[in-house]
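Undergrad: Pasting in a structure now, in structure tokens, and then I'll have a few things to ask.
Number of protein chains: 2
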Amino acid sequence: MTVAGKETPRERYRAQLRAEVKERAWEQIAAAGAPGLSLNAIAKQMGMSGPALYRYFAGRDELITELIRDAYRSLADTVRAAAVPGADLARLGRALRTWALEDPQRYFLLYGTPVPGYHAPEDITEIASEIMECLLDAAQADGAAADTPTDAPLEAHLAEHRRWAAGHPAPPPALRRALLFWTRLQGVLSLELAGHFTGMGFDPEELYESELRHLTR
Amino acid sequence: MTVAGKETPRERYRAQLRAEVKERAWEQIAAAGAPGLSLNAIAKQMGMSGPALYRYFAGRDELITELIRDAYRSLADTVRAAAVPGADLARLGRALRTWALEDPQRYFLLYGTPVPGYHAPEDITEIASEIMECLLDAAQADGAAADTPTDAPLEAHLAEHRRWAAGHPAPPPALRRALLFWTRLQGVLSLELAGHFTGMGFDPEELYESELRHLTR
DNA sequence: CGCGTTCGTTAGAAGTTATAACCAGTCGTT
DNA sequence: AACGACTGGTTATAACTTCTAACGAACGCG
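Chains as they are written, first to last, in this note's numbering: chain A, 6 to 222; chain B, 6 to 222.
Here it is as structure tokens:
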């Protein structure tokens, strides 16, 4: 994968073990959700006992933060890959959905229930705004926005409070489109992944595609 | 409140104690989220030690299930109250939002990260579909739907798979409107409550109101 | 009045996170 | 080559958690 030339063997071992721990952590999270993640269980699974892992992670919280960071990184990469210049917004939307369906608990680690006290470290919010930037790029490029109905009050508000679009040159209609794109897709996705559509009989993908049509047409 | 005539004193005591436990539970959940809920802590807080609470709740899971039931009941009541015959959909939407803002963790107990193994008991899904029914009523009554752009493919799909609208006579456009109403509002709400808009500079309420305008205009 | 149900207690098992102390192996430096 | 520091793993322990079991006391119905 990466050029592993100047690393000392210790560093390589350390990195490899940390990676394996995270691997097992993802398995546990996929199986029982974030609260079901147990450092002890991971250690035993790897043949070493208990507090050994504290040499590699300061504690459960740091491990989870690391997982969140990786998840954001992963999402940002797929979004960036889908926002390639020629593509339209719909492609970005579908990339988001397949990413989420790939591992629902990973999705919920980012967009699920927040723990009240937690504040994400700086570099994580950095990645989040990187995603927003991709979204703004795509919303601006996808010129088909023209015949989307506008909403003057919201656009005015966004034009005055565009700190979130840090220096991005997108015009107010694109700002609004990017936000609506995000919130509407997240709406369908989060309800679908949380199972609120199961047993209702219809296919959530149809709903998702319908929203995509509305946003990109 | 209710007629408490034929209850034996034991039953009254039991009910009152259960209520107080749930009271404390909500406080803990509001403060530290659902995973921060501790039966032991509640017991100590109430002056009695440890396993005493197991006389009243089979375990942590049953307590949480009870809280979920109460939360659904509360939401269903506010939705029903807002869906009074004369009112429009916007009113229902605002009722949903103020209910959610009232206690974000209560909202997340219903619409946040699901625990992988959990299956809600029958009566809870009952309440959930009661909410859906209110929504369908309102969507059907709010005739202003006419000039909302339609989406034939989705409406066709919904017309064929309307098991979720258990026997509800709403026509396909109303089905679609109800679903969009729900997912779009949940999209803005869940992102707002999870703090994904904090530090972005704009007011989520403007976004919410914009979605309401689009859905009810 | 008595007897049975209910309530609350303490004790204990099996987990968890996390810290402390200790021991051994590795690695760099002298 | 040998010494010393650093790293990685171990066990022991503390302070939690949920939850079961066994016991005693109090309440209330017949």
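Glycine included, C-beta positions come from ideal geometry on N, C-alpha and C. Treat the numbers as computed from the prediction; the structure is a model and nothing was measured.
1. Going by CA-CA distance only, name the one from B:178, B:55, B:220, B:21 that's closest to residue 185 of chain A.
2. Taking the continuous alpha helix (DSSP H) assigned at residue 113 of chain B, which residues delimit it?
3. In chain A, what lies closer than 9 angstroms to residue 50 of chain B by C-beta?
4. From the DSSP output, in three-state form, read off residue 8 of chain A for me.
5. Please list, in chain order, the chain B residues whose beta carbon lies closer than 9 angstroms to that of residue 177 of chain A.
6. Evaluate residue 39 of chain B with the Cβ neighbour count: other Cβ atoms within 10 Å of its Cβ, from every protein chain shown; 16 or more gives buried, anything less gives exposed.
7. Going straight from the alpha carbon of residue 105 of chain B to that of residue 212 of chain B, what length do you get?
8. Taking 8 angstroms as the limit between beta carbons, can you name the residues of its chain near residue 42 of chain B, skipping five residues before and five after?
9. In the structure shown, what three-state DSSP assignment does residue 166 of chain B receive?
10. Does the stretch 173-183 of chain B come close enough to the stretch 115-132 of chain A to have 3 or more Cβ pairs within less than 8 angstroms?
11. Note down, in chain order, every chain B residue with its Cβ under 9 angstroms from the Cβ of residue 208 of chain A.
12. So, using beta-carbon positions, are residue 197 of chain A and residue 178 of chain A closer together than 7 angstroms?
13. For the alpha helix (DSSP H) holding residue 219 of chain A, just list the boundary residues, first then last.
14. Residue 181 of chain A and residue 206 of chain B: beta carbons closer than 7 angstroms?
15. If the criterion is Cβ atoms closer than 7 angstroms, does the pair residue 217 of chain B and residue 95 of chain B meet it?
16. Please list, in chain order, the chain A residues whose beta carbon lies closer than 7 angstroms to that of residue 199 of chain B.
17. Tell whether a beta-carbon distance below 7 angstroms holds between residue 226 of chain B and residue 117 of chain A.
18. Determine, for residue 126 of chain B, whether the minimum Cβ-Cβ distance to residues of chain A falls below 7 angstroms.
19. Between the C-alpha atoms of residue 111 of chain B and residue 21 of chain A, what's the straight-line distance to the nearest angstrom?
20. If you follow the alpha helix (DSSP H) that residue 155 of chain A is part of, which residue opens it and which one closes it?
21. Excluding sequence positions up to five away, which residues of its chain have a Cβ less than 6 angstroms from the Cβ of residue 83 of chain B?
22. Give a yes or no on whether the C-beta atoms belonging to residue 183 of chain A and residue 140 of chain A are separated by under 7 angstroms.
23. Would you report the Cα separation of residue 191 of chain A and residue 143 of chain A, rounded to the nearest angstrom?
24. For chain B, check one thing: does any of its Cβ atoms lie closer than 7 angstroms to the Cβ of residue 90 of chain A?
TA: For this structure:
1. Indexing the first sequence from 1 puts residue 185 of chain A at position 180. Answer by Cα proximity: B:220.
2. As a first step, residue 113 of chain B must be located in the second sequence, where it is residue number 108. Run containing residue 113 of chain B: 109-116, per the alpha helix (DSSP H) assignment.
3. As a working mapping, residue 50 of chain B is identified with position 45 in the second sequence. Listed along the chain, the chain A residues whose CB falls inside 9 angstroms of the CB of residue 50 of chain B amount to none; the nearest CB is some 18 angstroms away.
4. Translated into positions along the first sequence, residue 8 of chain A becomes position 3. Only weak support exists for where residue 8 of chain A lies, its pLDDT of 46 falling under 50; the value from the coordinates is given anyway. Coil at residue 8 of chain A, not helix or strand.
5. As a first step, residue 177 of chain A is located in the first sequence; it is residue number 172 there, counting from the start. Neighbours of residue 177 of chain A on chain B: none; closest Cβ ~11 angstroms, over 9 angstroms.
6. For the purposes of this step, residue 39 of chain B is taken as the residue at position 34 of the second sequence. Counting of Cβ neighbours within 10 angstroms places residue 39 of chain B among the buried residues, the total reaching 16 or more.
7. Counting from one through the second sequence, the residue named residue 105 of chain B turns up at place 100. Counting from one through the second sequence, the residue named residue 212 of chain B turns up at place 207. The straight-line gap from Cα to Cα measures roughly 16 angstroms.
8. For this step, residue 42 of chain B is matched to residue 37 along the second sequence. Excluding sequence positions up to five before and after residue 42 of chain B, its CB lies within less than 8 angstroms of the CB of 30, 33, 34, 65, 68, 69, all in the same chain and listed in chain order.
9. One-based indexing of the second sequence puts residue 166 of chain B at position 161. Coil.
10. No, the stretch 173-183 of chain B does not touch the stretch 115-132 of chain A.
11. Locating residue 208 of chain A in the first sequence gives position 203, where the first residue counts as 1. Ordered by position in chain B, the residues that pass the 9 angstroms Cβ test against residue 208 of chain A are 162, 166.
12. Indexing the first sequence from 1 puts residue 197 of chain A at position 192. Indexing the first sequence from 1 puts residue 178 of chain A at position 173. Result no, Cβ atoms of residue 197 of chain A and residue 178 of chain A do not sit closer than 7 angstroms.
13. On the first sequence, position 214 is the one that residue 219 of chain A refers to. DSSP places residue 219 of chain A in the uninterrupted alpha helix (DSSP H) bounded by 209-221.
14. As a position in the first sequence, residue 181 of chain A is number 176, starting the count at 1. As a position in the second sequence, residue 206 of chain B is number 201, starting the count at 1. In this structure, residue 206 of chain B does not lie closer than 7 angstroms to residue 181 of chain A by Cβ.
15. Within the second sequence, residue 217 of chain B is the residue found at index 212, counting from 1. Within the second sequence, residue 95 of chain B is the residue found at index 90, counting from 1. Going by C-beta atoms, residue 217 of chain B is nearer than 7 angstroms to residue 95 of chain B.
16. For this step, residue 199 of chain B is matched to residue 194 along the second sequence. Within chain A, the C-beta atoms nearer than 7 angstroms to that of residue 199 of chain B come from 116, 119, in chain order.
17. As shown, chain B starts at 6 and ends at 222. That puts residue 226 of chain B outside it, with no answer to give.
18. For the purposes of this step, residue 126 of chain B is taken as the residue at position 121 of the second sequence. Chain A, which has no Cβ nearer than 7 angstroms to the Cβ of residue 126 of chain B, makes this no.
19. Within the second sequence, residue 111 of chain B is the residue found at index 106, counting from 1. Within the first sequence, residue 21 of chain A is the residue found at index 16, counting from 1. Rounded to whole angstroms, residue 111 of chain B and residue 21 of chain A show a C-alpha spacing of 40 angstroms.
20. What you label residue 155 of chain A is simply residue 150 of the first sequence in a count that begins at 1. For residue 155 of chain A, there is no enclosing alpha helix (DSSP H), as DSSP marks it with neither H nor E.
21. For this step, residue 83 of chain B is matched to residue 78 along the second sequence. Only residues of its own chain outside the window of five on either side were considered, and among them 100, 104 have a CB closer than 6 angstroms to the CB of residue 83 of chain B, listed in chain order.
22. Taking the first sequence and counting its residues from 1, one reaches residue 183 of chain A at position 178. Taking the first sequence and counting its residues from 1, one reaches residue 140 of chain A at position 135. The answer is yes: Cβ separation under 7 angstroms.
23. The residue you call residue 191 of chain A lines up with position 186 of the first sequence. The residue you call residue 143 of chain A lines up with position 138 of the first sequence. Rounded to the nearest angstrom, the two C-alpha atoms are 17 angstroms apart.
24. The sequence position of residue 90 of chain A within the first sequence is 85, counting from 1. Closer than 7 angstroms: no.
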